[in-house]
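Asker: Protein sequence lines correspond, in order, to chains A and B.
Mapping of the first sequence onto numbering that gives the first Met the number 0: position 209 corresponds to residue 208, and the numbering continues sequentially without gaps.
Mapping of the second sequence onto numbering that gives the first Met the number 0: position 305 corresponds to residue 304, and the numbering continues sequentially without gaps.
Don't be surprised by glycine CBs; every beta carbon is placed ideally from N, CA and C.
The structure is given below, and queries will be raised subsequently.
2 protein chains.
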Amino acid sequence: MAATIKDIARLAGVSPATVSRVLANKTAFYGPATAQKVQAAALKLGYRKNTAAAELVTQRSNVIAVVVNSVKTNFSSQIITGIQDTAAAHGLNVIIVYAGIVDPEAQRKALLTVIERPVMGILLLSINLTPENLALLQGAQTPYCFLSIAFDDGDLPSIASDDWQVGYEATQTLLKAGHRKIGLAAVDSDSHTGRFRLAGYESALRDAGVTPQADWVQPGVYSYAAGREAMAAYGATSGLTGVVAGSDMAAIGVLNQSRDLGLRVPNDLSIVSIDGTEMCELVQPQLTSVSQNFYDMGAAGVRQLLEPDKQSQQVTPIRVVDRQTVRVL
Amino acid sequence: MAATIKDIARLAGVSPATVSRVLANKTAFYGPATAQKVQAAALKLGYRKNTAAAELVTQRSNVIAVVVNSVKTNFSSQIITGIQDTAAAHGLNVIIVYAGIVDPEAQRKALLTVIERPVMGILLLSINLTPENLALLQGAQTPYCFLSIAFDDGDLPSIASDDWQVGYEATQTLLKAGHRKIGLAAVDSDSHTGRFRLAGYESALRDAGVTPQADWVQPGVYSYAAGREAMAAYGATSGLTGVVAGSDMAAIGVLNQSRDLGLRVPNDLSIVSIDGTEMCELVQPQLTSVSQNFYDMGAAGVRQLLEPDKQSQQVTPIRVVDRQTVRVL
DNA sequence: TAAAATTAAGCAAACGTTTGTTTAATTGGT
DNA sequence: ACCAATTAAACAAACGTTTGCTTAATTTTA
Chain A
0 MAATIKDIAR LAGVSPATVS RVLANKTAFY GPATAQKVQA AALKLGYRKN TAAAELVTQR
60 SNVIAVVVNS VKTNFSSQII TGIQDTAAAH GLNVIIVYAG IVDPEAQRKA LLTVIERPVM
120 GILLLSINLT PENLALLQGA QTPYCFLSIA FDDGDLPSIA SDDWQVGYEA TQTLLKAGHR
180 KIGLAAVDSD SHTGRFRLAG YESALRDAGV TPQADWVQPG VYSYAAGREA MAAYGATSGL
240 TGVVAGSDMA AIGVLNQSRD LGLRVPNDLS IVSIDGTEMC ELVQPQLTSV SQNFYDMGAA
300 GVRQLLEPDK QSQQVTPIRV VDRQTVRVL
Chain B
0 MAATIKDIAR LAGVSPATVS RVLANKTAFY GPATAQKVQA AALKLGYRKN TAAAELVTQR
60 SNVIAVVVNS VKTNFSSQII TGIQDTAAAH GLNVIIVYAG IVDPEAQRKA LLTVIERPVM
120 GILLLSINLT PENLALLQGA QTPYCFLSIA FDDGDLPSIA SDDWQVGYEA TQTLLKAGHR
180 KIGLAAVDSD SHTGRFRLAG YESALRDAGV TPQADWVQPG VYSYAAGREA MAAYGATSGL
240 TGVVAGSDMA AIGVLNQSRD LGLRVPNDLS IVSIDGTEMC ELVQPQLTSV SQNFYDMGAA
300 GVRQLLEPDK QSQQVTPIRV VDRQTVRVL
């Protein structure tokens with residue numbers, strides 16, 4: 000139904016080869032008059048290029064695929080904006096596919112949709128692949144890079160914040176304000192990210208002469224619910240004066256749960272959040288946070304795909320931004 | 000570099016045709032022994048199908064493209080989940096591309112990435128196309144459907160809430176609670192959506208015997224900033240006791256601005272939000288909202304693509320969910 | 001003015017699949 | 001034991017492009 004290059008060729012009275020060349024703006028191989036005719040014919044027929052066919056023969060593609068793990072968190076929007084802008088600057092297109100957060104089968108399907116078609120590179124946002132799916136990804140000849148997640152295996156290309164430092168600086172922010180009894184909420188205990196944040200947290204405590212207590216840390220999956228649960232576990236009488244939350248969502252969870260427990264933030268409890276998305280400024284009081292540079296992660300991700308020679312594990316800087324949830328004692 | 004069907008054929012000692020058939024699980028045309036050999040060879044070579052090539056010959060695709068306008072609002076996540084689930088149930092894949100919210104050129108590029116490759120259908124989330132870009136979309140032979148947006152032109156297929164009803168019910172919620180002086184904040188005055196919400200708002204007022212006042216409506220683009228600006232424009236002494244906000248984000252804007260103005264919600268000012276995303280329950284006090292059924296919009300969208308015979312303008316139901324921002328007078 | 005150089009356009013192969021048609025081999029029925 | 005019917009596999013065309021090579025026509029150069 001749709002017009003092809005051959006239809007144009009017929010209408011303009013030239014060969015498909017010539018049509019291809021003028022439509023691709025090749026510099027030579029045809030005269031101005033032919034160009035006119037071809038352009039006119041293409042317009043008249045409402046021609047749309049079949050990119051799949053073109054990619055098939057050229058064996059290259061200009062699309063970057065982004066795999067994201069969940070629709071929930073919205074820090075991904077900043078990364079995607081970074082990807083989008085940088086990709087556009089290089090004449091690349093971006094498509095996004097959702098993989099389930101845990102379901103390996105959904106993960107596999109998302110990966111396949113991406114691998115089984117010609118893409119220039121794959122960016123994985125905060126995705127933890129099962130070993131089988133990782134093998135699948137590596138089996139494809141496509142360059143890839145993990146974003147906002149790091150691994151113990153140093154060979155996997157990734158761009159993320161230094162999680163140890165994140166944990167350290169979040170904790171230190173509270174220590175500097177005079178807090179001694181500090182909780183760590185809704186950080187998972189399984190992943191690289193969680194373990195390093197925990198280590199950073201404990202180091203900061205020790206460097207300040209505070210001995211970490213086991214019941215100060217309430218692990219969780221970084222979600223709003225996890226934040227609430229962690230805070231509920233602490234209860235109103237834990238003696239904690241500050242909490243580091245694993246994400247903005249988690250921080251809002253501890254914030255709201257604190258309120259339910261009759262605790263006022265920051266008067267009775269100080270909170271430092273991790274991420275620093277726009278959410279921090281939407282809630283009351285505004286969340287003091289260790290802010291990650293998500294936009295740059297995205298930008299660095301596409302650059303990494305373009306020049307795979309670079310070092311594989313990159314780190315983007317963080318900074319703490321002081322808002323309203325830390326009270327200095 | 001990547002293994003093709005021919006490589007498998009060579010390794011297994013059969014023809015490419017046979018390989019294609021066993022890999023596609025065709026029922027006949029080959030024996031169990033050959034099937035074994037082919038499977039083994041495919042596995043050994045780490046074969047990945049080239050979907051683009053397959054789509055080229057079959058002239059059909061099983062991917063749905065979703066065009067979203069901005070990374071900001073997160074109501075889209077619910078629609079996308081609806082799309083995703085329904086698509087998966089039909090064996091379809093989903094890819095997402097971002098179009099700029101206003102920039103026609105970005106819009107055009109996003110549209111082209113989608114049109115110029117074989118997709119089964121296109122879903123446009125809350126996208127307002129320029130006339131040229133609309134023509135572009137219609138020129139493609141691909142079925143499409145707009146989601147969460149409606150048009151004056153009744154021929155454009157769309158699935159959305161009844162915006163008049165949204166405006167009406169939001170306003171009525173406040174009227175029922177005894178409010179008489181009610182504002183409408185951060186609803187735009189240009190689009191179909193904005194005009195109909197405004198009309199619904201005014202009808203509700205009139206039906207209750209209240210004469211709408213011009214300075215009760217402060218138009219805006221549904222954003223957090225627009226909410227803040229609208230509330231700032233009202234000021235602390237407007238006499239308004241209730242405000243209908245154009246979106247959850249806008250509602251949070253009026254909420255926070257109210258606080259800055261020294262107004263307590265809902266004691267001094269009641270708020271009804273429009274959308275009903277998870278944001279409503281994250282802020283304090285939790286936002287009473289006219290909630291849209293975004294998940295169903297997404298689901299209905301993919302069904303619409305599959306059966307284009309259906310009526311083109313569909314409406315999904317809304318419901319008001321009472322939370323904590325409406326005070327009964 | 002003839003040969004060389006340049007320009008303009010067409011030919012045809014290739015990319016990796018799918019699938020209708022053909023051919024070869026095996027089985028079954030009588 | 002012969003022919004029909006069935007099964008198994010290969011052949012080859014097609015999908016819509018791109019691009020190296022060839023050919024034809026025109027212009028330049030000496």
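Thinking just about the alpha-carbon of each residue, which of A/L204, A/A298 and A/D321 is nearest to the one in A/L89?
Answerer: According to the sequence as given, residue 89 of chain A is His; it is not Leu. Closest by alpha carbon: A/A298.
Asker: Is the CB of B/V66 under 8 Å away from at least one CB in chain A?
Answerer: Answer no: the Cβ-Cβ gap between B/V66 and chain A never drops below 8 Å.
Asker: Can a CB atom of chain B be found closer than 8 Å to the CB of A/I95?
Answerer: So yes, A/I95 belongs to the interface.
Asker: Sort B/Q106, B/A159, B/F150 and B/I148 by Cα distance to B/L136 and report the nearest one.
Answerer: Comparing Cα positions, the closest option is B/Q106.
Asker: In chain A, which residues lie less than 7 Å from B/G261 when you measure between Cβ atoms?
Answerer: Simply none; closest approach about 14 Å.
Asker: Is any heavy atom of the ligand SAM found at a distance shorter than 7 Å from the C-beta of B/G261?
Answerer: In the structure shown, the ligand SAM is absent, as is every other ligand, since no ligand is present at all.
Asker: Does any residue of chain B have a CB that is nearer than 8 Å to the CB of A/L122?
Answerer: No, because no Cβ of chain B sits closer than 8 Å to the Cβ of A/L122.
Asker: Grab the span of the beta strand (DSSP E) containing B/Q310 for me, first residue to last.
Answerer: Run containing B/Q310: none; DSSP gives neither H nor E here.
Asker: For a cutoff of 8 Å on Cβ pairs, would you count B/I114 as touching chain A?
Answerer: Yes, its Cβ sits closer than 8 Å to a Cβ of chain A.
Asker: From the beta carbon of B/P284, is the nearest beta carbon of chain A less than 8 Å away?
Answerer: For B/P284, the answer is no, since every Cβ of chain A falls outside 8 Å of its Cβ.
Asker: Does B/P117 have its Cβ less than 8 Å from a Cβ in chain A?
Answerer: Yes, B/P117 counts as interfacial toward chain A.
Asker: Name the one or two DSSP bridge partners that B/A184 has.
Answerer: In the DSSP output, where bridge partners are listed per residue, B/A184 has B/Q217 and B/A244.
Asker: Give the straight-line distance between the Cα atoms of A/Q38 and B/K108, rounded to the nearest whole angstrom.
Answerer: Cα to Cα, the separation comes out at about 20 Å.
Asker: Which of the three DSSP states is assigned to B/N92 in this structure?
Answerer: B/N92 falls in the strand class under three-state DSSP.
Asker: Between the stretch 115 to 133 of chain B and the stretch 276 to 289 of chain B, do three or more beta carbon pairs fall short of 8 Å?
Answerer: Judged by Cβ distances under 8 Å, the stretch 115 to 133 of chain B makes no contact with the stretch 276 to 289 of chain B, as fewer than three pairs qualify.
Asker: Are there 16 or more other CB atoms within 10 angstroms of the CB of B/F195, so buried, or fewer, so exposed?
Answerer: That one is buried.
Asker: Scan the stretch 197 to 225 of chain B for residues whose Cβ lies nearer than 9 Å to a Cβ of chain A and list them as they occur along the chain.
Answerer: So the list reads Y223, given in the order they occur along the chain.
Asker: Only counting the same chain, and skipping five residues up and downstream in sequence, which positions put a Cβ closer than 6 Å to that of A/L123?
Answerer: Excluding residues within five positions, the ones whose Cβ falls inside 6 Å are V66 and F145.
Asker: Report the CB separation of B/T172 from B/V319 in whole angstroms; it is logged as a contact under 8 Å.
Answerer: Their Cβ separation, rounded to whole angstroms, is 5 Å, which keeps B/T172 and B/V319 in contact under 8 Å.
Asker: List, in chain order, every chain A residue whose beta-carbon is nearer than 8 Å to that of B/Y138.
Answerer: A small fix is needed here, since residue 138 of chain B is Gly in this sequence, not Tyr. Those are G45 and R47, listed as they occur along chain A.
Asker: Determine whether the beta carbon atoms of A/A159 and A/A149 lie at a separation below 8 Å.
Answerer: Yes.
Asker: Would you please state the rounded distance, in angstroms, between the beta carbons of A/V96 and A/V113? I believe it to be under 8 Å.
Answerer: Between A/V113 and A/V96 the Cβ distance is about 6 Å, and since that is below 8 Å, they are a contact.
Asker: Along the chain, where does the beta strand (DSSP E) containing B/G297 start, and where does it finish?
Answerer: First-last for B/G297: F293 to L305, but that is the alpha helix (DSSP H), not the beta strand (DSSP E).
Asker: Going by DSSP in three states, A/S76 sits in which element: helix, strand or coil?
Answerer: Here A/S76 sits in helix by DSSP.
Asker: Hey, is A/I251's beta-carbon within less than 8 Å of any beta-carbon in chain B?
Answerer: For A/I251, the answer is yes, since a Cβ of chain B falls inside 8 Å of its Cβ.
Asker: Put B/Y200 into one of helix, strand or coil per three-state DSSP.
Answerer: B/Y200: helix per DSSP, three-state reduction.
Asker: DSSP on B/G166, reduced to helix/strand/coil?
Answerer: B/G166: helix per DSSP, three-state reduction.
Asker: Measuring only between beta-carbons, confirm whether B/T276 sits less than 8 Å from chain A.
Answerer: Taking Cβ atoms only, chain A never reaches closer than 8 Å to B/T276, which makes this a no.
Asker: Taking the continuous beta strand (DSSP E) assigned at B/Y143, which residues delimit it?
Answerer: Per DSSP, B/Y143 belongs to the beta strand (DSSP E) from Y143 to L146.
Asker: Nearest by alpha-carbon distance to A/K5: which of A/A41, A/L239, A/F28 and A/T33 is it?
Answerer: The shortest C-alpha separation from A/K5 is found at A/A41.
Asker: Measuring only between beta-carbons, confirm whether A/N292 sits less than 8 Å from chain B.
Answerer: Not an interface residue.
Asker: Of all Cβ atoms in chain A, is any one closer than 8 Å to the Cβ of B/Q38?
Answerer: Chain A, which has no Cβ nearer than 8 Å to the Cβ of B/Q38, makes this no.
Asker: Taking B/Y233 and B/D187 to be in contact with their CB atoms under 8 Å, please state how far apart those CB atoms are, rounded to whole angstroms.
Answerer: Their Cβ separation, rounded to whole angstroms, is 17 Å, which puts B/Y233 and B/D187 out of contact at 8 Å.
Asker: Check for me: the beta strand (DSSP E) holding A/I270 runs from which residue to which?
Answerer: Note, A/I270: beta strand (DSSP E), S269 to D274.
Asker: Within 8 Å of any Cβ in chain B, is that where the Cβ of A/N92 sits?
Answerer: Chain B contact via Cβ: present.
Asker: Apart from the five residues just before and just after A/A224, which ones in its own chain have a Cβ nearer than 8 Å to its Cβ?
Answerer: Around A/A224: G252.
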